[in-house]
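Written below as C-alpha cells is the structure these notes are about.
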Amino acid sequence: MTTHRKRSGLRRKKSHEKQSQVSGHISAIASQMDASDVGQIVERVSDPDEACALIEAIPAGYAGTEALVSALAEKFCDKSVMKSARRLAFKLKNAGIEVETLNAASVGDSLLKKERFSDELSASMGPVMDIAGTRAVLFTSHSPVKGIHAGIGMVSPTEGIREFVFGPLPKKLLGSMVQEVDSAAGPLVEVDLSLFFTIMEAACTAGSQGTPSALAYKEMRPFLLNRVQGYEGPIHADLRDESRQRKDILTSSEAEELFSNAPLNMWIPADYAVASYMDKLNEVRQSPLTLSNALLRDREREIEDKLALEIFTPDRRNSIADILYETAYFHRKRGEDRLKRLALSAAREMDEGEGGMSNPAIRLLVSRVLESNADETDADMELEENTESGLILAP
C-alpha cells in the first residue's frame, strides 16, 4: 500500500512538473505571437498538450487566430486539440466574434478525415556542415495510394542544390537509407515542413536550374506546394528575438567551445584573397629589418585584420549569422541548451557587431584560414623538394 502511494505521488509530481514546463513554454510563445508568423509558432509546439495550452492562451484580438488553430489542428490531428478548437470557437461566438473555420461543427472530424486520406509528409535536416550552409536533407511522403516517395540530398541556401535524388522507395529500404544519411551527415533532426520548404526553395533559387539535382527537387516540389507555405520573413525569428533580449557577449573561450564541436570544427572560409595576405605575412616575417616581437606582432595583426574585413564583408557576415541561427535551432531541437546559447551569441555578434578581428568568431575562423593555407604551402614545398631530389618515383 505504501509503495502504491509513493508511486502515485511520484506520478502526480512528474505530471505537475510537466504542466509547469508546458505553461512556461506556452507563455513565452504567446507573448511573441505578434512578432512571429503562424509557421514559426506551430514549429515551436511539440505535442498535443502544448497545442491545447496554446489555443487556450491565444490573446484576445490576435489577428492570426483562425490560421493558427487550423494549423495546430492539422499538425497534430488529435481529439483533444479539436475539442480545444471547438471551445475557442464557442468562446469567440459568445464574445460576438465569428470565426468561420472554427465554427464549423465538424472541424475535428473534417481534419481527421483529411489527414486519414492525405499523404503523410515528414522532413529532416542535418547540422550545417560548412560556412556555405550545406546540410543533408531528407523528405518522405507516405501515401495509402502511391506508397512511399523519398527525397535525399545535400543543399546550401547560398550555393544551391548540390546533390538530390527523388523517387519511389520500397518501405524496407527507408530505414537503412535514413541510417546511412544520419551516419554520414547527421545527426538528423525532424523539422517543420515550412522550414524545410523555405530552405529548399532558397537552395533551388541560388543554384543552377537545369541540373539533375535541381530537376529532382522540382519533381518533388508538388508534394509540398499544396500543403506547406514558406516563411515570409527571416527564419527562426523567435531565436533572433531571444538573442537580442539576452545580449550575451561571446568570449574567445566560448567561441573555441562552440567551434570545437562537429561539424563547426570543420568550418574554414574559402577566399581567393587569402594567398596575397599570406605573402604579406611572409614578407613581414622574413624582412631583413630587425623588428621587436611586439612590433612584429602588431604588423601581423594589421594584416590579419585587413584579411578579416575582406573575407567577412557585411553581406557575408549576415549570411553566416543566418547559418549560426540555424545551428542554434539544431542545438535546441537536440536539447543542447548551452551550445544553443553560444550559437545565438555568435549569430547576433556576426549580424550586428563590428567586423574584423575584434569579433571572437571571426578571429577564430581567420586563424583557421591562415593555418590551413600555411599547411598547404608547407605541403607544396615538401612535394617540390622531394620531386627535385628524385624521391618521388614514377610508377
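Numbering follows the working numbering, with no gaps: position 277 of the sequence shown is 352. Here a beta-carbon is modelled for each residue, glycine too, at the ideal position from N, C-alpha and C.
Task: Alpha-carbon to alpha-carbon, Asn336 and Leu213 - done: As a first step, residue 213 must be located in the sequence shown, where it is residue number 138. As a first step, residue 336 must be located in the sequence shown, where it is residue number 261. Roughly 23 Å separates the two Cα atoms.
- [ ] Report yes if the CB atom of Gly305 is closer than 7 Å to the CB atom of Phe272, and no otherwise.
- [x] Taking the sequence shown and counting its residues from 1, one reaches residue 305 at position 230. Taking the sequence shown and counting its residues from 1, one reaches residue 272 at position 197. Cβ distance < 7 Å, so Gly305 and Phe272 count as in contact.
Open item on the list: So, does the segment 384-402 touch the segment 420-435, judging by three or more C-beta pairs under 8 Å?
Closed with: yes
- [ ] Find out if the Cβ-Cβ distance for the pair Glu307, Asp112 is shorter than 7 Å.
- [x] To locate residue 307, count along the sequence shown from 1; it is residue 232. To locate residue 112, count along the sequence shown from 1; it is residue 37. Against a cut-off of 7 Å, the Cβ pair of Asp112 and Glu307 comes out as a contact.
Open item on the list: On a Cα-Cα basis, can you pick out the residue from His100, Thr209 and Arg119 that is closest to Trp342?
Closed with: For this step, residue 342 is matched to residue 267 along the sequence shown. Comparing Cα positions, the closest option is Thr209.
Open item on the list: Here's the rule: buried if 16 or more other CB atoms are within 10 angstroms of the residue's CB, otherwise exposed. What is Tyr137?
Closed with: Residue numbering aside, residue 137 sits at position 62 when the sequence shown is read from its first letter. Label assigned to Tyr137: exposed.
TODO: Reducing DSSP to helix, strand and coil, say where Pro243 ends up.
DONE: As a working mapping, residue 243 is identified with position 168 in the sequence shown. Strand, per DSSP.
TODO: Indicate the three-state DSSP secondary structure (helix, strand or coil) for Gly235 in the structure shown.
DONE: Here residue 235 corresponds to residue number 160 of the sequence shown, with the count starting at 1. Strand, per DSSP.
Open item on the list: For Val303 and Ala277, I'd like the C-alpha separation in whole angstroms.
Closed with: Mapped onto the sequence shown, residue 303 falls at position 228. Mapped onto the sequence shown, residue 277 falls at position 202. Looking at the two C-alpha atoms, the distance is approximately 15 Å.
Task: Between the CA atoms of Tyr292 and Lys188 - distance to the nearest angstrom - done: For the purposes of this step, residue 188 is taken as residue 113 along the sequence shown, with counting starting at 1. For the purposes of this step, residue 292 is taken as residue 217 along the sequence shown, with counting starting at 1. At Lys188 the pLDDT is 43, less than 50, meaning the model places this residue with poor confidence and gives no usable figure here.
Task: Among Ile130, Ile236, Glu125 and Phe151, nearest to Pro287 - alpha-carbon criterion - done: One-based indexing of the sequence shown puts residue 287 at position 212. Ranking Ile130, Ile236, Glu125 and Phe151 by Cα distance to Pro287 puts Ile236 first.
Open item on the list: Beta-carbon within less than 6 Å of Arg119's beta-carbon, same chain only, minus the 5 sequence neighbours each way: which residues are those?
Closed with: To locate residue 119, count along the sequence shown from 1; it is residue 44. Excluding positions up to five away in sequence, the list reads Ile104.
Task: Residue burial classification, Ala330 (beta-carbon count within 10 angstroms, cutoff 16) - done: As a working note, residue 330 is residue 255 in the sequence shown. It counts as buried.
Open item on the list: If distances are taken between C-alpha atoms only, which option among Leu263, Ala345 and Phe239 comes closest to Ser283?
Closed with: Stepping through the sequence shown from its first residue, residue 283 is reached at position 208. When each option's Cα is compared against that of Ser283, the closest is Phe239.
- [ ] Run the CB neighbour count on His406, radius 10 Å, all protein chains shown included, and call it buried at 16 or more, exposed below.
- [x] On the sequence shown, position 331 is the one that residue 406 refers to. So His406 ends up on the buried side.
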